[in-house]
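Protein chains in written order, with our numbering: chain A, 11 to 123; chain B, 9 to 126.
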């Protein structure tokens, strides 16, 4: 049971490039979330998904896209990278039933130059 | 709208000293409160959570937190800090149940960085 895994751990992009941050969970969780973490700002929700085929915007969705074709995977896509997207990105997941508790991946540190 | 405030951006304590990290929240319904810890270069690990019942909750690594509804606070405490406690700590608030229209979404505070001096 690996929990929530994210790849890559680190990445440097040039302005205008695109990339996909991968997130996979093996806990059969329905809910999945993408956050970005900036110094002194805490975690901000980018997108979330309540199940395969269902996604919705969070607090800071501009410049990002997501898809959820399976229960396990929830990739985050940056189409035209900008310096403002330099951040640490965390994926999380939780059960749909019972108490609310999110499990986090180790994060991806992205730098856009 | 829900919000979480952690008034202290950075706290420094000596090893063996006691610790209290402050957290104030604003939430329209019955809150579910969390403290997470993030060690350098790592993801977030849940320390403890409060939903209902006893207002003093125990967590991992010797941490505890007290829910005070009248003060809208959920402060984290530890009687004796160890050097390995140096990390960033996040308070979060969300719905009690994962289901429903809130979809389990959490709101996080800005974080408090803890430095421990030997």
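Backbone N, C-alpha and C fix where the C-beta goes; we use that ideal spot for every residue, glycine too.
8 Å is my cut-off, CB to CB: does residue 118 of chain B come that close to chain A?
The sequence position of residue 118 of chain B within the second chain is 110, counting from 1. Chain A, which has a Cβ nearer than 8 Å to the Cβ of residue 118 of chain B, makes this yes.
Presumed contact (8 Å Cβ cut-off) between residue 86 of chain A and residue 98 of chain A, rounded CB distance
Against the first chain, residue 86 of chain A aligns to sequence position 76. Against the first chain, residue 98 of chain A aligns to sequence position 88. At roughly 13 Å, the Cβ-Cβ gap does not stay under 8 Å, so residue 86 of chain A and residue 98 of chain A are not in contact.
Once DSSP output is grouped into helix, strand and coil, what is the label at residue 54 of chain A?
If you number the first chain from 1, residue 54 of chain A lands on position 44. If DSSP states are grouped into helix, strand and coil, residue 54 of chain A belongs with the strands.
Does the beta-carbon of residue 64 of chain B have 16 or more other beta-carbons within 10 angstroms, so that it is buried, or is it exposed?
Counting from 1 along the second chain, the entry for residue 64 of chain B is found at position 56. Exposed, because fewer than 16 other Cβ atoms sit within 10 Å of the Cβ of residue 64 of chain B.
From which residue to which residue does the beta strand (DSSP E) around residue 90 of chain B run?
Against the second chain, residue 90 of chain B aligns to sequence position 82. It is not in any beta strand (DSSP E) - residue 90 of chain B carries neither H nor E in the DSSP assignment.
Do residue 118 of chain B and residue 50 of chain B have their C-beta atoms within less than 8 Å of each other?
Residue 118 of chain B sits at position 110 when you count from the first residue of the second chain. Residue 50 of chain B sits at position 42 when you count from the first residue of the second chain. No, the Cβ-Cβ distance between residue 118 of chain B and residue 50 of chain B is not below 8 Å.
Checking 8 Å against the spacing of the C-beta atoms, do residue 147 of chain B and residue 55 of chain B come in under that value?
One cannot answer for residue 147 of chain B here, as it falls past the ends of chain B, which runs 9 to 126.
Scan the region 24-56 of chain B for residues whose Cβ lies nearer than 7 Å to a Cβ of chain A and list them as they occur along the chain.
40, 50, 51, 52 and 54
Whole-Å CB distance - residue 125 of chain B paired with residue 26 of chain B, under 8 Å assumed:
The sequence position of residue 125 of chain B within the second chain is 117, counting from 1. The sequence position of residue 26 of chain B within the second chain is 18, counting from 1. The Cβ separation is near 14 Å, so there is no contact.
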